[in-house]
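*Asks:* Using numbering that gives the first Met the number 0, the letters of the sequence shown correspond one by one to residues 0 to 236.
Note that beta-carbon positions come from the ideal geometry of N, C-alpha and C, so glycine has one too.
Keep in mind the model is a prediction, meaning the values are calculated, not measured.
The structure's right below; bear with me while I get my questions together.
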Amino acid sequence: MHRDILHGARDGLPIGLGYFAVAFSLGITAKAAGLVPAQGFIASFLNHASAGEYALFSLIAANAAYWEVAMVICITNARYLLMSAALSQKFSPETPFFHRLLIGFGITDEIFGLGIAQKGWLSPAYMYSAFLVAELFWSSGTASGIIAGNILPANVVSALSVAIYGMFLAIIIPPARENRVVAGLVLVSFACSFAFSVLPLVSALSGGMKTIILTVAISAVGAVLFPVRDTKGGETA
0 MHRDILHGAR DGLPIGLGYF AVAFSLGITA KAAGLVPAQG FIASFLNHAS AGEYALFSLI
60 AANAAYWEVA MVICITNARY LLMSAALSQK FSPETPFFHR LLIGFGITDE IFGLGIAQKG
120 WLSPAYMYSA FLVAELFWSS GTASGIIAGN ILPANVVSAL SVAIYGMFLA IIIPPARENR
180 VVAGLVLVSF ACSFAFSVLP LVSALSGGMK TIILTVAISA VGAVLFPVRD TKGGETA
């Protein structure tokens, strides 16, 4: 177990360093939403997706209803349900359910990649260690961004807030360049988002409701029209 803990900490460290930079930008957004460092730290500790956390802070700033916040977070983090189910197959049948549950809570894209890449049965100690190291950097980055937002001049904070858009460009451009369907759906989402901001019937909706409608509608249409083929040549929505 001691070896697994050290191995997990070693693998989680470079992930955590990358998380810190992204979370720092999210902290600037959290500061604009009125959060204090402790609140930002807790929010990041409980929400492990950059897109989901950005949506969270944006909705808080817009005074969205609690159910809207919950719905958006569930939608943006839905992929982790699938990742957790897949990763659970990497544990020995004797692994207690509570270990699977807690490790499922700590799943991120990168932590999932670490787990899947391991040979043989996964050690809960390894997963806990990797997640906690990365998570502390993630949460600390958000808190640090809020602290910086409270200390730095307003024009510097405004400049730093632009970094969050760079983060999203870094997320969407690589897959869009590799897959024309993804690129098309990204463009459609931009166009629909703009349309929802100006059309009479929907422009009055809250930001959270617009996000929910567009996310569900565009992803559903994309799944129906462009299903992902499995390795056997069949189709899955």
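Distance check for S218 and P226, CA to CA, integer angstroms please.
*Replies:* In a straight line, the C-alpha of P226 is about 11 Å away from that of S218.
*Asks:* Taking N62 as the reference, which of F44, L34, L213, C73 has the closest Cα?
*Replies:* Considering only alpha carbons, the answer is L34.
*Asks:* Within 8 Å, do at least three Cβ pairs link the region 19-34 to the region 66-81?
*Replies:* As far as the Cβ criterion goes, the region 66-81 does not touch the region 19-34, which means the pair count is below three.
*Asks:* Beta carbon of A240, beta carbon of I59: below 7 Å?
*Replies:* The question about residue 240 has no answer, for the chain in this structure spans 0 to 236.
*Asks:* Tell me, please, whether the region 171-191 touches the region 49-58 by the rule of three or more beta-carbon pairs shorter than 8 Å.
*Replies:* No, the region 171-191 is not in contact with the region 49-58.
*Asks:* Short check: CB of I145 to CB of G7, under 7 Å?
*Replies:* Against a cut-off of 7 Å, the Cβ pair of G7 and I145 comes out as no contact.
*Asks:* Under 7 Å, do F40 and S138 count as touching if we go by C-beta distance?
*Replies:* Their beta carbons are under 7 Å apart, which means F40 touches S138 by this criterion.
*Asks:* Using a threshold of 7 Å, state whether the C-beta atoms of T141 and S43 are closer than that.
*Replies:* Taking 7 Å as the Cβ cut-off, T141 and S43 qualify as a contacting pair.
*Asks:* So within the region 4-65, which uninterrupted alpha helix (DSSP H) runs reach at least 4 residues, ignoring any that extend past its ends?
*Replies:* DSSP runs (the alpha helix (DSSP H)) wholly in the region 4-65: 36-45, 49-60.
*Asks:* Beta-carbon within less than 8 Å of V185's beta-carbon, same chain only, minus the 5 sequence neighbours each way: which residues are those?
*Replies:* Only I171, A175 meet the Cβ criterion.
*Asks:* Got a sec, what are the start and stop residues for the alpha helix (DSSP H) M126 sits in?
*Replies:* From DSSP, the alpha helix (DSSP H) with M126 extends over 123-150.
*Asks:* Rounded to the nearest angstrom, what separates G15 and E134 at their Cα positions?
*Replies:* Answer to the nearest angstrom: the Cα atoms are 7 Å apart.
*Asks:* For I102, which of helix, strand or coil comes out of DSSP?
*Replies:* Of the three classes helix, strand and coil, the one that applies to I102 here is helix, per DSSP.
*Asks:* Using CA coordinates, which residue listed in K89, V187, S122, S87 is at the minimum distance from R2?
*Replies:* It is S122 whose Cα lies nearest to the Cα of R2.
*Asks:* For V181, which residues from the same chain have a beta carbon less than 7 Å from its beta carbon, with the 5 sequence-adjacent residues on both sides left out?
*Replies:* For V181, where only same-chain residues beyond five positions count, the Cβ hits under 7 Å are P174, A175.
*Asks:* Residues in its own chain within less than 8 Å of S188 by CB, not counting five upstream and five downstream?
*Replies:* So the list reads L213, I217, once near-sequence residues are dropped.
*Asks:* Please look up how many angstroms separate the CB atoms of F195 and K209, rounded, as I've assumed it's under 8 Å.
*Replies:* The Cβ separation is near 5 Å, so the contact holds.
*Asks:* If I measure Cβ to Cβ from V215 and keep anything under 8 Å in the same chain, skipping five residues before and after, which residues do I get?
*Replies:* Closer than 8 Å at the Cβ level, and outside the excluded window around V215, lie I74.
*Asks:* So, for D108: in the same chain, excluding its five sequence neighbours on each side, which residues have a beta-carbon less than 6 Å away from its beta-carbon?
*Replies:* Closer than 6 Å at the Cβ level, and outside the excluded window around D108, lies no residue.
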